[in-house]
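Student: For the sequence shown, counting from 1, position 264 maps to 788 in my numbering; every step adds exactly one.
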Amino acid sequence: MNILVTGANGQLGNEMRIISQGSADNYIFTDVNEVEGVQTTFLDIADLEAVRLAVAQNNVNVIVNCAAYTNVDAAETNEAISEKLNATAPENLAIAIKEANGLLVQISTDYVFGKEPYNTPCKEDQKGTPTGVYGLTKLHGEEKILATGCKHAIIRTAWLYSEFGKNFCKTMLNLTSPASVEARIAAGKPAGLKVVFDQVGTPTYAYDLAKAISVIVDDYKNEANEDIYSKSGIYHYSNEGVCSWYDFTKMIAQIAGQTECDVQPCHSNEFPSPVTRPSYSVLDKTKIKSTFGIDVPYWVDSLKVCIENLKK
Ligand SMILES: NC(=O)c1ccc[n+]([C@@H]2O[C@H](COP(=O)([O-])OP(=O)(O)OC[C@H]3O[C@@H](n4cnc5c(N)ncnc54)[C@H](OP(=O)(O)O)[C@@H]3O)[C@@H](O)[C@H]2O)c1
525 MNILVTGANG QLGNEMRIIS QGSADNYIFT DVNEVEGVQT TFLDIADLEA
575 VRLAVAQNNV NVIVNCAAYT NVDAAETNEA ISEKLNATAP ENLAIAIKEA
625 NGLLVQISTD YVFGKEPYNT PCKEDQKGTP TGVYGLTKLH GEEKILATGC
675 KHAIIRTAWL YSEFGKNFCK TMLNLTSPAS VEARIAAGKP AGLKVVFDQV
725 GTPTYAYDLA KAISVIVDDY KNEANEDIYS KSGIYHYSNE GVCSWYDFTK
775 MIAQIAGQTE CDVQPCHSNE FPSPVTRPSY SVLDKTKIKS TFGIDVPYWV
825 DSLKVCIENL KK
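Have a look at this one:
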């Protein structure tokens, strides 16, 4: 199979590169940026004709779309670009892959939920109630893909982190380090950190998500020549368990052995933000586990693996 990965130089895209090593399939890694030392083919997913050409020239069977506009705060003032990358561009991919009778794996987000005060894990068929532009445009992307009628697996994930790019885990590893504590003291700032405890979800190690995607792609091979993929649908994937950003930070510091940094819980309103984030966006993963037999690691176990890799 020929598998085209978009946004291949982002967090998830890089994990897809790792997962592809040793695979019998042919992967084509694309992005709009270049990273030294890795092979990247230029592909702007906002350009429908360029997408069509890439799919035709490479005889693509599966697109894994790791590209998106992912800056949740900046999306509030950049609605047009967010809509273009999170909704119109996935529609382009859906149109092109439908013409090739292939599968589109789209990555969506827990932030399609949140406006309603849920306190039980969100299911796939639950109505989307985004709190901000990012979640709304990702929801539009899902709707546009479904409207094309292409074969699809739309995977909503949450709180993604990895060894690559910028993410919460790497930020907190830095901020809880002895050097950062000393720097804050030297600057006359509080030595400790406050982190919100009133936003609850589940972290996801991007490597685990990439593995889950590879299971779905392998499953699809059996039906690759059919016009309908019987497992087309929306799925939820995060790691197992539940925590707040405060708990996540405490665990990052504990695993890294940086317990001298005093981390205290606080409310979201102590950190003015352009967007209100969901207070509860835990995803129910029953469907992806039962449909594909995917094993989901506990979030603390995966966090240990990532921090260990970062230390190397
Ligand atoms: N990060 C999270 O916490 C989180 C949570 C839930 C869901 N998700 C979803 O998970 C997926 C992967 O997220 P991620 O964190 O791995 O994203 P990421 O690190 O921000 O990577 C996205 C990649 O897409 C590229 N890109 C931007 N515009 C493009 C275009 N027009 N054509 C092709 N590529 C383009 C970016 O390039 P530039 O860097 O040059 O712009 C970047 O390399 C996304 O769909 C995201 O919405 C993420």
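Just so you know, even glycine gets a beta-carbon here, dropped at the ideal spot from N, CA and C.
Comparing the CB of I758 with every heavy atom of ligand 2, is any distance shorter than 6 Å?
Tutor: Looking at this structure, you won't find ligand 2 anywhere; what it does contain is ligand 1.
Student: Output the distance between the C-alpha atoms of P821 and N625, rounded to the nearest integer angstrom.
Tutor: Position 297 of the sequence shown, counted from the first residue, corresponds to residue 821. Position 101 of the sequence shown, counted from the first residue, corresponds to residue 625. Taking the straight line from one Cα to the other gives about 33 Å.
Student: Are there three or more Cβ pairs, one per stretch, closer than 8 Å when the segment 811–821 is compared with the segment 758–774?
Tutor: Contact holds: three or more Cβ-Cβ distances are below 8 Å.
Student: Just the Cα atoms here: how many angstroms apart are Y729 and I831?
Tutor: In the sequence shown, the residue the question calls residue 729 occupies position 205. In the sequence shown, the residue the question calls residue 831 occupies position 307. Roughly 11 Å separates the two Cα atoms.
Student: Just to confirm, is the Cβ distance from L567 to T554 under 7 Å?
Tutor: Your numbering for residue 567 matches position 43 in the sequence shown. Your numbering for residue 554 matches position 30 in the sequence shown. A contact, by the Cβ cut-off of 7 Å.
Student: On the three-state DSSP scale, how would you describe H791?
Tutor: Numbered from 1 along the sequence shown, position 267 holds the residue referred to as residue 791. Coil.
Student: Mind checking whether the beta-carbon of Q563 lies closer than 6 Å to any heavy atom of ligand 1?
Tutor: Here the question's residue 563 lines up with position 39 in the sequence shown. Q563 has its Cβ no nearer than 6 Å to any heavy atom of ligand 1.
Student: So who's on the other strand from C767, going by DSSP bridges?
Tutor: The residue labelled residue 767 in the question sits at position 243 within the sequence shown. Per DSSP, G725.
Student: Over the uninterrupted beta strand (DSSP E) stretch that includes Y759, give me the two end residues.
Tutor: In the sequence shown, counting from the first residue as 1, residue 759 sits at position 235. Element bounds for Y759: 757–760.
Student: Please confirm whether V629 and A677 have their CB atoms less than 7 Å apart.
Tutor: Position 105 of the sequence shown holds residue 629. Position 153 of the sequence shown holds residue 677. Contact flag set, yes.
Student: Less than 7 Å between the beta carbons of T681 and L733, yes or no?
Tutor: The residue you call residue 681 lines up with position 157 of the sequence shown. The residue you call residue 733 lines up with position 209 of the sequence shown. With a cutoff of 7 Å on beta-carbon distance, T681 and L733 are scored as near each other.
Student: Could you tell me the boundaries of the alpha helix (DSSP H) in which S544 lies?
Tutor: Counting from one through the sequence shown, the residue named residue 544 turns up at place 20. Its alpha helix (DSSP H) spans residues 535–544.
Student: Would V787 pass as a contact of L699 if the rule is Cβ separation under 7 Å?
Tutor: Here residue 787 is taken as the residue at index 263 of the sequence shown, counted from 1. Here residue 699 is taken as the residue at index 175 of the sequence shown, counted from 1. No, they are not a contact pair.
Student: Cutting at 7 Å between CB atoms, please list the residues of its own chain near A715, excluding the five before and the five after it.
Tutor: Within the sequence shown, the letter at position 191 stands for residue 715. Only V705, R708, I709, D786 meet the Cβ criterion.
Student: Report back the beta-carbon spacing between M540 and V588 to the nearest angstrom; my notes put them in contact at under 8 Å.
Tutor: Counting from one through the sequence shown, the residue named residue 540 turns up at place 16. Counting from one through the sequence shown, the residue named residue 588 turns up at place 64. Contact flag correct, Cβ pair sits at about 6 Å.
Student: Per DSSP, what kind of secondary structure is Q630 in: helix, strand or coil?
Tutor: As a first step, residue 630 must be located in the sequence shown, where it is residue number 106. Residue state, collapsed to three classes: strand.
Student: Of the residues E687, D743, D771, S547, which one's Cα is nearest the Cα of T815?
Tutor: Residue 815 sits at position 291 when you count from the first residue of the sequence shown. The option with the nearest alpha carbon to T815 is D743.
Student: If you drop the 5 nearest sequence neighbours on each side, which residues of the same chain put their C-beta closer than 7 Å to that of P486?
Tutor: Given that the chain is displayed from residue 525 to residue 836, the structure contains no residue 486 and the question cannot be resolved.
Student: Taking a contact to mean a Cβ-Cβ separation below 7 Å, would you say G659 touches Q535 in this structure?
Tutor: If you number the sequence shown from 1, residue 659 lands on position 135. If you number the sequence shown from 1, residue 535 lands on position 11. Not closer than 7 Å, so no.
Student: In chain order, what residues of the same chain have a beta carbon less than 7 Å from the beta carbon of S544, not counting five sequence neighbours either side?
Tutor: Sequence index remark: in the sequence shown, residue 544 carries index 20 (1-based). Answer for S544: Y551, listed in chain order.
Student: Taking 8 Å as the cut-off, does the segment 601–610 touch the segment 554–563 (at least 3 CB pairs, one atom from each stretch)?
Tutor: no
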